[in-house]
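Numbering (the UniProt record's numbering), first residue to last: 1 to 548.
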């Protein structure tokens, strides 16, 4: 790809054809701008991994031309990868006060606070990043200070919506700035890059104010301990739960590290100002059951979350049982269904009543519906639409609305480089893409050797052969074979396998016994031969050679 022309291009490295892992790049001339840098969570198709993020190899190779990273809002799928990938990017970051506060805590945990330059931009503020003339437009979302980004370029205006919805009463923060979008439409917009997550829902978005009324009535009607689980970053929802608890004469306890961190960031930025300080989980047991509401992390069934541990009765401070209620004030992210249902089943087994949005109005989405998207197209009237942030069915539904409104949609895969100007608006090249997996403190390629071996072990098991040889390479004693996940040590098949492995080792030619590496490879072949076809699997095979 030619990075030195004077044109304008857009490149998604994560976030098209899936939900999460947003990483978007814009190029103006030879300078690049990144918008968002998020993580995704593994689903049933990636059991060998937990946290995923886009591989930034393309922009890392051009890091000297990367002017900055703009964060649209403080959700994990938009800023969760920054602390992990910033050492590779090395650029300044631009964010609103709330997103900056959340990000500083993450960078602090990664010991990067002193290295990363964060420029704090007021909601709705204008700023420049290299040659990019940028402006935030406040939008409503399920986190404070969500912003759309307007890019003014010599080739035309680009609107990058971020995550948004229309809500006349969002309860925390201002409604989406309709007038600003309409003014851009009057001025003329070249392209709009638009969130697609909830576009298949018809009609206008429901309001957070409706949830507040419903939650207040529901909590007032319940007895026993009440626990509500929601996304920690949804400050409006946390305020809703707190005010509903106050109205019912109950104190509020927060349970989970992410909630405690978000509470600090929210209050630091002036939110939750009229909500009394939350009690700690250690204080929960000093309150009568009918006088407490607990806000708990773990709405997605995360195995180490507070709610998962409470459901399995392994939490050090909190327990729930007969007569108590857990309210799920959140949506189930695709891929998490099995984990969420397991936690709900464990709670029910303990006598806890579980309520979800199927039972009461306890959740509304923070993403635009199809009705919202239609209205935004009417306001902005772009020439081109680029649906992002959603699975492929969401992107195509967004594209269908664009066509309905007389806007030309362009569907992209991650890695497609879209030329926006000059000349035809079309895909002109492809960048390398991939996924990285956070594995402990390491970042590993999803398709690399470590994860490939883990997938193979997960589905086919592993067989380990150990044996000792003398200086000449001849077997001393009997070899040992273990096959965890495939064979029990007492299984007769294990004895057969060990005997045949020993026989096969004896048959290895003398010339292969002198070099340890050559001997090991021959021994692996011998072990595979001993396995034969009896197990009807292709396990990972490895050997330990000890030369005495």
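Backbone N, C-alpha and C define an ideal beta-carbon position, used for all residues, glycine too.
C-alpha distance - residue i paired with residue j, whole-angstrom precision
| i | j | result |
| --- | --- | --- |
| residue 300 | residue 232 | 12 Å |
| residue 519 | residue 444 | 30 Å |
| residue 8 | residue 210 | 42 Å |
| residue 118 | residue 227 | 36 Å |
| residue 508 | residue 527 | 11 Å |
| residue 293 | residue 106 | 28 Å |
| residue 314 | residue 344 | 15 Å |
| residue 123 | residue 93 | 15 Å |
| residue 531 | residue 472 | 26 Å |
| residue 202 | residue 215 | 24 Å |
| residue 580 | residue 154 | The question about residue 580 has no answer here: the residues shown for the chain are numbered 1 through 548. |
| residue 500 | residue 548 | 22 Å |
| residue 334 | residue 355 | 19 Å |
| residue 386 | residue 291 | 50 Å |
| residue 400 | residue 133 | 31 Å |
| residue 493 | residue 487 | 7 Å |
| residue 323 | residue 37 | 43 Å |
| residue 389 | residue 485 | 38 Å |
Minimum C-alpha distance to residue i - residue among the options
| i | options | result |
| --- | --- | --- |
| residue 85 | 163, 378, 435 | 435 |
| residue 329 | 337, 395, 285, 229 | 229 |
| residue 173 | 476, 141, 316, 189 | 141 |
| residue 160 | 363, 138, 403 | 138 |
| residue 554 | 371, 53, 41, 32 | Here the chain has residues from 1 to 548 only, and residue 554 is not among them. |
| residue 284 | 319, 194, 349 | 319 |
| residue 496 | 37, 515, 521, 529 | 529 |
| residue 64 | 74, 33, 362 | 33 |
| residue 146 | 166, 131, 132, 133 | 166 |
| residue 392 | 135, 110, 204, 411 | 411 |
| residue 245 | 182, 218, 522 | 218 |
| residue 15 | 60, 103, 194 | 194 |
| residue 349 | 377, 311, 317 | 311 |
| residue 275 | 326, 51, 250, 302 | 250 |
| residue 309 | 424, 466, 339, 171 | 339 |
| residue 259 | 102, 511, 523 | 102 |
| residue 111 | 423, 82, 371, 241 | 82 |
| residue 58 | 485, 430, 17, 78 | 430 |
| residue 200 | 394, 327, 295, 171 | 394 |
| residue 241 | 332, 361, 351 | 361 |
| residue 286 | 306, 298, 317, 296 | 317 |
| residue 327 | 353, 336, 321 | 353 |
| residue 247 | 108, 371, 212, 268 | 212 |
7 Å CB neighbourhood of residue i in its chain, flanking five on each side removed
| i | result |
| --- | --- |
| residue 198 | 365, 367, 368, 369 |
| residue 100 | 118, 120 |
| residue 447 | 434 |
| residue 577 | This structure leaves residue 577 out entirely; the chain is present only between 1 and 548. |
| residue 56 | 13, 23, 85, 88, 89 |
| residue 289 | 224, 225 |
Close-in-space but distant-in-sequence residues of the same chain around residue i (CB under 8 Å, 5 per side omitted)
| i | result |
| --- | --- |
| residue 266 | 98, 144, 235, 238, 272 |
| residue 489 | 482 |
| residue 157 | 150, 151, 184, 187, 188, 189, 190 |
| residue 498 | 478, 479, 480, 481 |
| residue 374 | 401, 404, 405 |
Close beta carbons around residue i, own chain, < 6 Å, minus the five adjacent residues each side
| i | result |
| --- | --- |
| residue 29 | 6 |
| residue 207 | 167, 169 |
| residue 67 | 31, 33, 129, 130 |
| residue 125 | 136 |
| residue 537 | 460 |
| residue 408 | 384 |
#### Entry: Touching by the beta-carbon criterion (3+ pairs, under 8 Å), the region 253-261 and the region 274-281
yes
### Message
Please give the ranges of any alpha helix (DSSP H) in the region 167-210, keeping only runs that are unbroken, at least 4 residues long and fully inside the region.
### Response
178-187
### Query
Counting Cβ pairs closer than 8 Å, one from the region 466-477 and one from the region 420-435, do we hit at least three?
no
### Message
I'd like the ranges of any beta strand (DSSP E) spanning at least 3 consecutive residues and lying wholly in the region 401-486.
### Response
416-421, 426-430, 435-439, 442-445, 462-469, 475-482
### Task
List in chain order: all unbroken alpha helix (DSSP H) runs of 4+ residues lying wholly within the region 261-308.
none
### Task
Pick out the complete beta strand (DSSP E) segments inside the region 17-101, 3 residues or longer, and give them in chain order.
23-28, 31-37, 51-54, 66-70, 93-95
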